[in-house]
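Visitor:
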Amino acid sequence: MTHDVDVVIVGGGPVGTTALALCGRAGLRAIAFEKDVRLWPTARAVHFDGETMRTLQGLGVAERFQHVTIPMRNVAILNEAGEVLVHAPTDRIGEQGWNDHISFHQPDIEQLLREVVAETPGIELRCGETVTDVETTDDGVVVTSSDAAGEVRTTRARWAIVADGARSEIRHRLGIESDKYGEDTPWLVVDGQLVDAPGYEADMIQFGRHTRPALWLRLPRHRVRMEFMLMPDDDPAEIVTPAAVERISRGALPADKFTPDRQAIYTFRGRIARQWRRGNIFLAGDAAHQAPPLFGQGLCAGIRDAANLVWKLDLVARGVADESLLDTYESERKPHATFWVETAANQAVIIQTTDPQVAHGRDEYIRANPGASAVPEPPALGPGLHAGQDRGGRLGPQPILADGIRLDDMVGSHFLVAAERAVYDDLAPALRAALDDDGDVVTLLDPAKVSALLATIGARAAVLRPDHYILGTAGTAAELERLLLQVPSLTGTADLTAESR
Ligand SMILES: Cc1cc2nc3c(=O)[nH]c(=O)nc-3n(C[C@H](O)[C@H](O)[C@H](O)COP(=O)(O)OP(=O)(O)OC[C@H]3O[C@@H](n4cnc5c(N)ncnc54)[C@H](O)[C@@H]3O)c2cc1C
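According to full-length UniProt numbering, the stretch in the sequence shown is residues 1 to 501, in order.
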């Protein structure tokens with residue numbers, strides 16, 4: 001089959017558009033089909049983490065993203081009586097080289113992603129075109145779509161990324177079921193501008209009010225978000241009125257000071273699709289997983305999917321890696337996403353309880369263990385292309401170097417070999433020469449560039465993947481040689497290692 005493009009993406013939401021932009025940066029030809037003609041004007045996600053910002057940095061427009069985001073300076077948990085159980089500063093540059101918690105208005109981010117797509121050659125976002133079928137074949141996919149006039153088009157590609165959201169028609173067509181985590185819970189989500197009213201001091205507050213769990217977030221400019229759990233006695237028509245919002249916000253959103261963009265009821269749910277790959281079709285974003293938004297990780301996880309998958313597609317498309325590398329997408333990403341969905345679902349039971357006894361016990365516990373409610377450490381990837389030992393499969397850090405340059409800006413979307421000079425010098429000379437010639441690998445030995453990275457990882461040498469996850473660490477040249485043989489472009493160099501002689 002001849003392919004019209006390398007990759008077709010179903011859905012031009014934030015995950016599909018990020019995947020499209022990453023394809024363009026990698027040099028893959030790609031088209032994304034988006035059924036809506038105009039950008040969705042209202043927000044869902046309001047927070048992402050430093051890792052997401054780092055992926056956006058990889059698109060070469062970090063400063064533009066910074067203009068439409070603000071760091072989250074502090075977070076708090078308050079109980080029914082208004083007692084502050086937790087108040088923690090979060091306004092610091094974290095291991096990823098960016099703030100760990102960043103707030104934004106989702107349409108601003110999506111608009112910027114679309115601008116990146118428009119500026120990148122070889123990719124196209126086609127709006128107003130609905131994908132009706134995706135079929136996997138022996139050597140690719142056949143994607144059927146139709147526009148508003150009913151004109152049907154067939155696009156042939158090597159792979160499809162299905163990022164058509166939580167309701168994913170294509171996932172249903174493929175017959176892929178999802179597993180449920182936690183209870184489905186309806187919430188009222190209110191976004192708007194708060195002017196001449198103080199709101200709350202903290203940028204993010206979880207209200208552990210058992211009479212009505214709620215959330216507060218301060219967003220760029222005068223924008224704020226509040227979310228309220230719906231209670232059994234709520235009248236759905238009344239609860240969305242300005243008077244009701246003033247009441248249930250306990251006065252934080254006065255009707256005469258707060259101008260809503262929208263008030264919408266969402267059902268927060270935890271779901272993980274049982275299968276993320278069907279032949280040449282990959283599910284990503286909400287089509288593959290949905291998390292209750294407790295840790296603000298749903299979109300982050302979707303962007304992680306895109307970042308995990310696209311460099312693998314690129315290596316396989318260029319013949320650098322074997323097709324089997326693509327199996328590691330699901331094996332690595334599914335357990336990672338499941339961790340966040342499961343943790344958010346479990347935490348919701350406690351933080352958002354409506355049982356006064358449970359709320360009382362929770363308050364006592366948090367008072368005694370204030371650290372227990374902190375955002376958990378991200379897990380390692382599931383089994384895949386990493387050594388698994390030490391920090392293999394964990395996200396690597398991004399130091400900001402003495403000259404203010406962030407590490408990724410030097411490395412780009414390549415494998416990184418960072419090593420102490422002494423370890424590197426002990427590699428077999430032929431392997432060092434192969435490393436020098438390898439366009440998929442950047443080697444950094446200058447202590448000014450690598451010492452902070454190696455100190456944080458706790459190793460004398462480390463290999464990091466293009467998505468910044470650690471392939472593995474090494475303490476000796478022999479260990480580093482074994483690690484290098486796992487880099488797809490170096491797998492054929494076993495006869496060059498010192499060990500082979
Ligand atoms: C209230 C709320 C708060 C949230 N807060 C956060 C947060 O703070 N942080 C966070 O990380 N996440 C958060 N999330 C989750 C986050 O919003 C989602 O994970 C994210 O928007 C999913 O992006 P997506 O691109 O996968 O799907 P979507 O945004 O749903 O995009 C899918 C796109 O596919 C298009 N489409 C669908 N079918 C077709 C078709 N057949 N053909 C062509 N196009 C199609 C749709 O029109 C849509 O544009 C929140 C969610 C909710 C509901």
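All C-beta atoms in this analysis are idealised placements derived from N, C-alpha and C, irrespective of residue type, glycine included.
Would you list the residues sitting across from H87 in a DSSP beta bridge?
Guide: A76
Visitor: Pick helix, strand or coil for G472, following the three-state DSSP scheme.
Guide: strand
Visitor: If you draw a straight line from the alpha carbon of A433 to that of H67, how long is it in whole angstroms?
Guide: 43 Å
Visitor: Can you list, in chain order, the residues of its chain with a C-beta nearer than 6 Å to that of Y200? Leave out the 5 residues immediately preceding and following it.
Guide: W216
Visitor: With T136 and S146 assumed to form a contact (beta carbons below 8 Å), what rounded beta-carbon distance in angstroms separates them?
Guide: Wrong, their Cβ atoms sit about 20 Å apart, outside the cutoff.
Visitor: What span of residues does the alpha helix (DSSP H) with W311 cover, start to end?
Guide: G298 to A317
Visitor: For a quick check, are the C-beta atoms of residue 518 and A344 less than 7 Å apart?
Guide: No answer is possible for residue 518: the residues shown for the chain start at 1 and end at 501.
Visitor: If you draw a straight line from the C-alpha of L483 to the C-alpha of T497, how long is it?
Guide: Taken atom to atom, the span from the alpha-carbon of L483 to that of T497 is near 11 Å.
Visitor: Just checking T69 against ligand 1 - is the residue's beta carbon closer than 6 Å to any of the ligand's heavy atoms?
Guide: Answer for T69: no, Cβ out of range of ligand 1.
Visitor: Tell me whether the beta-carbon of A21 lies closer than 7 Å to the beta-carbon of V141.
Guide: no
Visitor: Please state whether DSSP places R391 in a helix, a strand or coil.
Guide: coil
Visitor: Quick check on DSSP: helix, strand or coil for K257?
Guide: coil
Visitor: Can you confirm whether R223, when its beta carbon is compared against all beta carbons of chain D, has any partner nearer than 7 Å?
Guide: Included in the structure is just one protein chain, with no chain D present.
Visitor: Sort out for me which residues DSSP pairs D436 with in a bridge.
Guide: Looking at the DSSP assignment, D436 forms no beta bridge with any residue, so it has no partner.
Visitor: Examine the Cβ distances between the segment 341–360 and the segment 312–326 and report whether three or more of them are shorter than 8 Å.
Guide: no
Visitor: With respect to 6 Å, is the separation between the Cβ of A45 and the closest non-hydrogen atom of ligand 1 below this value?
Guide: yes
Visitor: Compute the beta-carbon to beta-carbon distance between E330 and R277, rounded to the nearest angstrom, for a pair I have assumed lies under 8 Å.
Guide: Between R277 and E330 the Cβ distance is about 5 Å, and since that is below 8 Å, they are a contact.
Visitor: Could you name the residues of the same chain whose beta carbon sits closer than 6 Å to that of V189, not counting the 5 residues immediately before and after it, in chain order?
Guide: E227, A264 and Y266.
Visitor: Who pairs with A452 in a beta bridge, going by DSSP?
Guide: None; A452 has no bridge partner.
Visitor: In three-state DSSP terms, what is R173?
Guide: helix
Visitor: Since W40 sits in a beta bridge, which residues does DSSP pair it with?
Guide: Paired residues: none, contrary to the question.
Visitor: Taking DSSP as the reference, what is the three-state secondary structure of D203?
Guide: Three-state DSSP puts D203 in coil, outside helix and strand.
Visitor: Would you call the segment 193–209 and the segment 252–262 touching, i.e. three or more CB-CB distances under 8 Å?
Guide: yes
Visitor: Check this for me: beta carbons of A337 and S168, under 7 Å apart or not?
Guide: Contact flag unset, no.
Visitor: Compute the beta-carbon to beta-carbon distance between G192 and F104, rounded to the nearest angstrom, for a pair I have assumed lies under 8 Å.
Guide: At roughly 15 Å, the Cβ-Cβ gap does not stay under 8 Å, so G192 and F104 are not in contact.
Visitor: Can you tell me where the alpha helix (DSSP H) with Q193 in it begins and where it stops?
Guide: Note, Q193: premise wrong, no alpha helix (DSSP H); beta strand (DSSP E) at S178 to L194.
Visitor: For F48, which residues does DSSP report across the bridge?
Guide: Looking at the DSSP output, F48 sits in a beta bridge with I102.
Visitor: From the DSSP output, in three-state form, read off H222 for me.
Guide: In the structure shown, H222 sits in coil (DSSP, three-state: anything other than H, G, I, E or B).
Visitor: Could you check the C-alpha separation between H210 and A359 for me, to the nearest Å?
Guide: A direct Cα-Cα distance of roughly 6 Å separates H210 from A359.
Visitor: Residues in its own chain within less than 8 Å of L112 by CB, not counting five upstream and five downstream?
Guide: V61, R64, F65 and V68
Visitor: Which same chain residues end up closer than 7 Å to A43 when comparing Cβ atoms and leaving out the 5 residues on each side of it in sequence?
Guide: Excluding residues within five positions, the ones whose Cβ falls inside 7 Å are H105, Q106, P107 and D191.
Visitor: So what does M229 bridge to, in DSSP terms?
Guide: W187
Visitor: At a cut-off of 6 Å, is D184 close to ligand 1 when judged by its beta-carbon and the heavy atoms of the ligand?
Guide: no
Visitor: Hey, A30 and I123: beta-carbon distance below 7 Å or not?
Guide: In this structure, I123 lies closer than 7 Å to A30 by Cβ.
Visitor: May I ask whether a heavy atom of ligand 1 can be found less than 6 Å away from the beta carbon of C127?
Guide: no
Visitor: Buried or exposed for H172, going by 16 or more other Cβ atoms inside 10 Å?
Guide: exposed
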